[in-house]
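Asks: Numbering (the numbering used here), first residue to last: 5 to 197. Have a look at the structure that comes next, please.
This is the structure we're talking about:
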(Lines of atoms letter the chains of each structure in order from A and count residues from 1; the text may use other names and numbers.)
(Lines give C-alpha, C1' and ligand atoms only; values in the text may rest on other atoms or scores of the structure.)
Protein backbone atom coordinates (compact mmCIF):
# COMPACT_ATOMS: atom_id res chain seq x y z
CA UNK A 1 0.00 0.00 0.00
CA UNK A 2 1.41 3.37 -1.03
CA UNK A 3 1.80 6.09 1.55
CA UNK A 4 0.52 9.47 0.31
CA UNK A 5 3.19 12.13 0.03
CA UNK A 6 2.76 15.30 2.06
CA UNK A 7 2.19 18.50 0.13
CA UNK A 8 4.96 21.06 0.27
CA UNK A 9 4.15 24.09 2.46
CA UNK A 10 3.90 26.36 -0.60
CA UNK A 11 1.15 24.19 -2.11
CA UNK A 12 -0.90 24.39 1.09
CA UNK A 13 -0.75 28.18 1.21
CA UNK A 14 -3.89 30.09 0.32
CA UNK A 15 -4.60 30.59 -3.36
CA UNK A 16 -5.92 34.13 -3.93
CA UNK A 17 -8.06 32.88 -6.80
CA UNK A 18 -9.93 30.34 -4.66
CA UNK A 19 -9.80 31.93 -1.22
CA UNK A 20 -12.84 33.96 -0.23
CA UNK A 21 -12.16 37.65 0.40
CA UNK A 22 -14.54 40.34 1.62
CA UNK A 23 -15.53 43.87 0.61
CA UNK A 24 -17.72 46.34 2.49
CA UNK A 25 -19.71 48.60 0.16
CA UNK A 26 -21.42 51.78 1.31
CA UNK A 27 -23.67 53.59 -1.16
CA UNK A 28 -25.91 56.64 -0.74
CA UNK A 29 -28.06 58.43 -3.27
CA UNK A 30 -31.51 59.83 -3.99
CA UNK A 31 -34.19 57.26 -3.20
CA UNK A 32 -35.68 55.67 -6.31
CA UNK A 33 -37.00 52.29 -7.43
CA UNK A 34 -34.27 49.93 -8.67
CA UNK A 35 -31.28 50.88 -6.49
CA UNK A 36 -31.12 47.47 -4.80
CA UNK A 37 -31.59 45.68 -8.12
CA UNK A 38 -28.84 47.75 -9.79
CA UNK A 39 -26.34 47.16 -6.98
CA UNK A 40 -27.07 43.44 -6.69
CA UNK A 41 -26.76 43.05 -10.49
CA UNK A 42 -23.35 44.77 -10.39
CA UNK A 43 -22.21 42.44 -7.59
CA UNK A 44 -23.46 39.35 -9.44
CA UNK A 45 -21.93 40.41 -12.78
CA UNK A 46 -18.52 40.74 -11.11
CA UNK A 47 -18.77 37.14 -9.88
CA UNK A 48 -19.13 38.16 -6.24
CA UNK A 49 -21.74 37.16 -3.66
CA UNK A 50 -23.87 39.40 -1.44
CA UNK A 51 -23.44 38.01 2.10
CA UNK A 52 -24.97 40.63 4.38
CA UNK A 53 -26.80 43.92 3.96
CA UNK A 54 -28.51 46.83 5.68
CA UNK A 55 -30.59 49.28 3.66
CA UNK A 56 -32.90 52.14 4.55
CA UNK A 57 -34.48 55.29 3.22
CA UNK A 58 -33.21 58.19 5.34
CA UNK A 59 -34.88 61.46 4.45
CA UNK A 60 -34.92 61.62 0.65
CA UNK A 61 -31.80 59.46 0.36
CA UNK A 62 -31.41 55.69 0.21
CA UNK A 63 -28.45 54.31 2.17
CA UNK A 64 -26.96 50.88 1.58
CA UNK A 65 -24.36 48.95 3.57
CA UNK A 66 -23.33 45.63 2.00
CA UNK A 67 -20.82 42.84 2.62
CA UNK A 68 -19.75 41.13 -0.61
CA UNK A 69 -17.49 38.11 -0.88
CA UNK A 70 -15.59 36.50 -3.71
CA UNK A 71 -12.18 35.73 -5.06
CA UNK A 72 -9.55 38.45 -5.20
CA UNK A 73 -10.15 38.96 -8.93
CA UNK A 74 -13.95 39.12 -8.50
CA UNK A 75 -13.68 41.80 -5.82
CA UNK A 76 -11.13 43.78 -7.83
CA UNK A 77 -13.56 43.69 -10.78
CA UNK A 78 -16.42 44.70 -8.47
CA UNK A 79 -14.47 47.69 -7.12
CA UNK A 80 -13.72 48.80 -10.69
CA UNK A 81 -17.33 48.27 -11.86
CA UNK A 82 -18.74 50.22 -8.91
CA UNK A 83 -16.36 53.12 -9.55
CA UNK A 84 -17.32 53.15 -13.25
CA UNK A 85 -21.08 53.01 -12.63
CA UNK A 86 -21.21 55.38 -9.66
CA UNK A 87 -22.47 58.31 -11.78
CA UNK A 88 -24.81 56.11 -13.84
CA UNK A 89 -26.42 54.72 -10.70
CA UNK A 90 -26.66 58.19 -9.14
CA UNK A 91 -24.90 56.97 -5.99
CA UNK A 92 -21.85 57.91 -3.97
CA UNK A 93 -20.02 54.65 -3.36
CA UNK A 94 -17.25 53.82 -0.90
CA UNK A 95 -15.59 50.39 -0.71
CA UNK A 96 -13.22 48.89 1.84
CA UNK A 97 -11.63 45.45 2.03
CA UNK A 98 -12.26 43.59 5.27
CA UNK A 99 -11.70 40.21 6.90
CA UNK A 100 -14.08 37.31 7.32
CA UNK A 101 -16.62 37.76 10.13
CA UNK A 102 -15.38 36.03 13.29
CA UNK A 103 -17.88 35.45 16.06
CA UNK A 104 -16.47 36.25 19.49
CA UNK A 105 -17.31 33.43 21.88
CA UNK A 106 -16.41 35.58 24.93
CA UNK A 107 -19.43 37.83 24.58
CA UNK A 108 -23.10 37.40 25.38
CA UNK A 109 -25.65 38.58 22.79
CA UNK A 110 -28.19 40.97 24.31
CA UNK A 111 -30.78 43.33 22.88
CA UNK A 112 -32.13 46.61 24.18
CA UNK A 113 -35.08 48.75 23.24
CA UNK A 114 -35.28 52.31 24.51
CA UNK A 115 -38.18 54.68 23.89
CA UNK A 116 -39.37 58.06 25.08
CA UNK A 117 -40.27 61.59 24.03
CA UNK A 118 -37.92 62.67 21.25
CA UNK A 119 -35.12 65.11 22.08
CA UNK A 120 -31.41 65.50 21.27
CA UNK A 121 -28.91 63.33 23.17
CA UNK A 122 -30.79 60.05 23.65
CA UNK A 123 -28.43 57.93 21.51
CA UNK A 124 -25.38 59.44 23.22
CA UNK A 125 -26.78 58.87 26.71
CA UNK A 126 -27.49 55.18 26.06
CA UNK A 127 -24.38 54.34 24.02
CA UNK A 128 -22.14 56.31 26.39
CA UNK A 129 -23.26 54.06 29.25
CA UNK A 130 -22.62 50.96 27.13
CA UNK A 131 -19.17 52.16 26.00
CA UNK A 132 -18.05 52.87 29.58
CA UNK A 133 -18.78 49.22 30.42
CA UNK A 134 -16.98 47.86 27.33
CA UNK A 135 -20.19 46.71 25.63
CA UNK A 136 -19.99 46.59 21.83
CA UNK A 137 -22.97 47.79 19.79
CA UNK A 138 -23.32 45.16 17.04
CA UNK A 139 -26.20 46.95 15.32
CA UNK A 140 -28.39 49.92 16.14
CA UNK A 141 -31.55 51.25 14.58
CA UNK A 142 -33.44 54.34 15.67
CA UNK A 143 -36.56 56.02 14.35
CA UNK A 144 -39.35 58.40 15.21
CA UNK A 145 -42.78 57.00 15.89
CA UNK A 146 -45.84 59.03 16.76
CA UNK A 147 -48.16 58.53 19.73
CA UNK A 148 -51.54 57.27 18.44
CA UNK A 149 -53.84 59.90 19.97
CA UNK A 150 -51.65 62.96 20.47
CA UNK A 151 -49.26 62.62 17.53
CA UNK A 152 -46.38 63.39 19.90
CA UNK A 153 -43.02 62.29 18.43
CA UNK A 154 -41.54 59.31 20.27
CA UNK A 155 -37.95 58.21 19.81
CA UNK A 156 -37.32 54.45 19.55
CA UNK A 157 -33.84 52.89 19.67
CA UNK A 158 -33.24 49.16 19.19
CA UNK A 159 -29.75 47.68 19.44
CA UNK A 160 -28.03 44.32 19.41
CA UNK A 161 -25.18 44.21 21.90
CA UNK A 162 -22.11 42.09 22.59
CA UNK A 163 -21.73 42.07 26.37
CA UNK A 164 -18.33 40.89 27.67
CA UNK A 165 -18.87 37.59 29.49
CA UNK A 166 -16.96 38.85 32.55
CA UNK A 167 -19.41 41.74 33.00
CA UNK A 168 -22.15 41.26 35.60
CA UNK A 169 -25.44 41.48 33.70
CA UNK A 170 -27.40 42.66 36.74
CA UNK A 171 -24.95 45.53 37.21
CA UNK A 172 -25.17 46.54 33.53
CA UNK A 173 -28.96 46.37 33.68
CA UNK A 174 -28.96 48.59 36.81
CA UNK A 175 -26.70 51.18 35.15
CA UNK A 176 -28.78 51.27 31.98
CA UNK A 177 -32.01 51.48 33.97
CA UNK A 178 -30.64 54.33 36.08
CA UNK A 179 -29.56 56.26 32.96
CA UNK A 180 -32.94 55.66 31.30
CA UNK A 181 -34.80 56.75 34.47
CA UNK A 182 -32.65 59.89 34.59
CA UNK A 183 -33.51 60.59 30.92
CA UNK A 184 -37.21 59.61 31.37
CA UNK A 185 -36.92 56.70 28.92
CA UNK A 186 -38.42 53.21 28.90
CA UNK A 187 -35.92 50.34 28.66
CA UNK A 188 -36.20 46.68 27.68
CA UNK A 189 -33.00 44.62 28.21
CA UNK A 190 -33.05 40.93 27.27
CA UNK A 191 -30.99 38.08 25.86
CA UNK A 192 -30.91 38.25 22.06
CA UNK A 193 -32.69 35.53 20.15
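Backbone N, C-alpha and C fix where the C-beta goes; we use that ideal spot for every residue, glycine too.
Confirm, please, whether the CB-CB distance from residue 52 to residue 78 is below 7 Å.
Replies: For this step, residue 78 is matched to residue 74 along the chain shown. For this step, residue 52 is matched to residue 48 along the chain shown. Yes, the pair counts as a contact, with Cβ atoms nearer than the cut-off.
Asks: Entirely within the region 110-153 and at least 3 residues each: give me those beta strand (DSSP E) ranges in chain order.
Replies: Listed in chain order, the complete beta strand (DSSP E) runs (minimum 3 residues) inside the region 110-153 are 111-121 and 140-150.
Asks: Out of 27, 50, 49 and 68, which has the shortest C-alpha to C-alpha gap to residue 58?
Replies: Here residue 58 corresponds to residue number 54 of the chain shown, with the count starting at 1. It is 68 whose Cα lies nearest to the Cα of residue 58.
Asks: The alpha helix (DSSP H) with residue 58 in it runs from where to where?
Replies: The residue labelled residue 58 in the question sits at position 54 within the chain shown. That residue, residue 58, is in no alpha helix (DSSP H); its beta strand (DSSP E) goes 53-62.
Asks: Can you give the Cα-Cα distance for residue 191 and residue 134, rounded to whole angstroms?
Replies: The residue labelled residue 191 in the question sits at position 187 within the chain shown. The residue labelled residue 134 in the question sits at position 130 within the chain shown. So the two alpha carbons sit approximately 13 Å from each other.
Asks: Determine the contact status of residue 163 and residue 141, defining contact as a CB-CB distance below 7 Å.
Replies: The sequence position of residue 163 within the chain shown is 159, counting from 1. The sequence position of residue 141 within the chain shown is 137, counting from 1. Contact flag set, yes.
Asks: Among all the DSSP beta bridges, which residues are the ones paired with residue 71?
Replies: In the chain shown, residue 71 corresponds to position 67, counting from 1. Bridge partners of residue 71: 28 and 56.
Asks: Can you tell me the Cα-Cα spacing of residue 96 and residue 175, whole angstroms?
Replies: By one-based count along the chain shown, residue 96 stands at place 92. By one-based count along the chain shown, residue 175 stands at place 171. Their backbone Cα atoms lie some 43 Å apart in a straight line.
Asks: What does the Cβ neighbour count give for residue 72, buried or exposed, with the cut at 16 atoms within 10 Å?
Replies: As a working mapping, residue 72 is identified with position 68 in the chain shown. Label assigned to residue 72: buried.
Asks: Our contact map puts residue 144 next to residue 161 with C-beta atoms below 8 Å; I'd like the distance itself, whole angstroms only.
Replies: As a first step, residue 144 must be located in the chain shown, where it is residue number 140. As a first step, residue 161 must be located in the chain shown, where it is residue number 157. Contact holds; Cβ gap of about 7 Å.
Asks: Return the bridge partner residues of residue 97 from the DSSP annotation.
Replies: Translated into positions along the chain shown, residue 97 becomes position 93. In DSSP, residue 97 forms a bridge with 31.
Asks: Run the CB neighbour count on residue 31, radius 10 Å, all protein chains shown included, and call it buried at 16 or more, exposed below.
Replies: Here residue 31 refers to the residue found at position 27 of the chain shown. Under this definition residue 31 is a buried residue.
Asks: On the DSSP letters alone, give me the boundaries of the beta strand (DSSP E) that residue 165 sits inside.
Replies: Residue mapping note: residue 165 aligns to position 161 of the chain shown, counting from 1. That run of the beta strand (DSSP E) goes 157-168.
Asks: If we ignore side chains and look at the alpha-carbon of each, how far apart do residue 74 and residue 111 end up?
Replies: Sequence index remark: in the chain shown, residue 74 carries index 70 (1-based). Sequence index remark: in the chain shown, residue 111 carries index 107 (1-based). If you take the alpha carbons of residue 74 and residue 111, they lie about 29 Å apart.
Asks: Would you mind sorting residue 2 into buried or exposed? The rule is 16 or more other CB atoms within 10 Å of its CB.
Replies: Here the chain covers residues 5 to 197 and nothing more, so residue 2 does not appear.
Asks: Note the first and the last residue of the continuous alpha helix (DSSP H) segment covering residue 46.
Replies: Locating residue 46 in the chain shown gives position 42, where the first residue counts as 1. 39-49 is the span of the alpha helix (DSSP H), which, as asked, contains residue 46.
Asks: Taking the straight line between their C-alpha atoms, what separation do you get for residue 168 and residue 131?
Replies: The sequence position of residue 168 within the chain shown is 164, counting from 1. The sequence position of residue 131 within the chain shown is 127, counting from 1. Distance between the alpha carbons of residue 168 and residue 131: 15 Å.
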